[in-house]
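Notes follow once the structure below has been shown.
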Amino acid sequence: MKQRYHYNVADNRLQQHIEKGNEDGLYISCVASSANLWALIMDAGTGFGSQVHELSPVFLHKDWIMDQWEKSFYITAIAGALNGSSLVVMSKGTPYTQQSYKVSESFPFKWINKKWKEGFHVTSMATAGNRWGVVMSRNSGYSGQIVELDFLYPSEGIHWRWEHGYRITSSAATGDQAAFILSKPKRKPVDETQETLRTSAFPSNHVKDKWAKNLYIASICYGRTVS
1289 MKQRYHYNVA
1299 DNRLQQHIEK
1309 GNEDGLYISC
1319 VASSANLWAL
1329 IMDAGTGFGS
1339 QVHELSPVFL
1349 HKDWIMDQWE
1359 KSFYITAIAG
1369 ALNGSSLVVM
1379 SKGTPYTQQS
1389 YKVSESFPFK
1399 WINKKWKEGF
1409 HVTSMATAGN
1419 RWGVVMSRNS
1429 GYSGQIVELD
1439 FLYPSEGIHW
1449 RWEHGYRITS
1459 SAATGDQAAF
1469 ILSKPKRKPV
1479 DETQETLRTS
1489 AFPSNHVKDK
1499 WAKNLYIASI
1509 CYGRTVS
């Protein structure tokens, strides 16, 4: 699989990176923000047919998202910046059949629980300042899902879940909390190795080392600096 990353990207440089990636057959798989700059991961293995994105001063711009839903695009990646703006990526070629999202001042546990019972699973997550944005989709391909929400990296919980067939599928953090969504796929994946890395700068060299070992970025988020 071919994967590419860009980090510390200013608003006015986003478009050219995305266009170049698209020309090379790559689509955005995940996005993140640090200090009002963006990081994007683009790769060749997404299965998407086409993709649109919007950079908005509003955290998850409802009208634009609803317009894209009507055109059969679904949200596949979101990121929010400290200044309240957001980058939303929507794609065609996903397995999703319906989507719902919520923006709230605290982590929306109750809403997630309600949606789980209706057959939705969390498929994207982001924060802007202290606000959380969570996207849930139907037909995600997951049979089960749990949330790890902690003030510190929940290493023990994540390792325990890994041993029971779960994999991290979304992550997001505010200045004082980090949330990880771990999902169990309906179909057991062929290669199910997953590792995490905490770092105080974008881990370019580490990523290249892992690519050589056939490991690719699945999720990225920015939170408190690791001491």
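Mapping of the sequence shown onto our numbering: position 171 corresponds to residue 1459, and the numbering continues sequentially without gaps. Glycine residues also receive a C-beta, built at the ideal position from the N, C-alpha and C atoms.
- Boundaries of the beta strand (DSSP E) around glutamine 1291: 1291 to 1297.
- Cβ-Cβ separation between leucine 1325 and asparagine 1296: approximately 5 Å, consistent with a contact (criterion under 8 Å).
- The beta carbons of alanine 1467 and phenylalanine 1395 sit closer together than 9 Å.
- Of the residues assessed, phenylalanine 1408 falls on the buried side of the cut-off, its CB having 16 or more other CB atoms within 10 angstroms.
- Comparing alpha carbon positions, the residue from Val1377, Arg1486, Ile1400 closest to serine 1388 is Ile1400.
- Judged by DSSP in its simplified three-state form, histidine 1409 adopts strand.
- For histidine 1341, no alpha helix (DSSP H) segment is defined; the enclosing uninterrupted segment is the beta strand (DSSP E) at 1338 to 1344.
- Tryptophan 1448 sits exposed, since fewer than 16 C-beta atoms from the chains shown fall within 10 Å of its C-beta.
- When the Cα atoms are used, glutamine 1482 and serine 1458 turn out to be separated by approximately 13 Å.
- Distance from threonine 1385 to asparagine 1427 at the Cβ level is roughly 4 Å; contact confirmed, criterion being Cβ atoms closer than 8 Å.
- In the three-state reduction of the DSSP assignment, glutamine 1303 falls in the helix class, which pools H, G and I.
- For alanine 1500, the number of other beta carbons within 10 angstroms of its own is below 16, and it is reported as exposed.
- Of Gln1356, Lys1290, Ser1338, Ala1461, the smallest CA-CA separation from leucine 1370 is found for Ala1461.
- In the DSSP annotation of this structure, isoleucine 1505 is not part of any beta strand (DSSP E), being labelled neither H nor E.
- Contact between valine 1422 and lysine 1390 holds: CB atoms are separated by about 6 Å, below the 8 Å threshold.
- Within the same chain, and ignoring the five residues on either side of cysteine 1509 in sequence, the residues whose Cβ sits closer than 6 Å to its Cβ are Ala1320, Ser1459, Ala1460, Ala1461.
- Contact between isoleucine 1505 and tyrosine 1293 holds: CB atoms are separated by about 7 Å, below the 8 Å threshold.
- Per the Cβ contact rule, the region 1468 to 1475 is in contact with the region 1432 to 1448 (3 or more Cβ pairs under 8 Å).
- A direct Cα-to-Cα measurement between serine 1344 and glutamate 1311 gives close to 24 Å.
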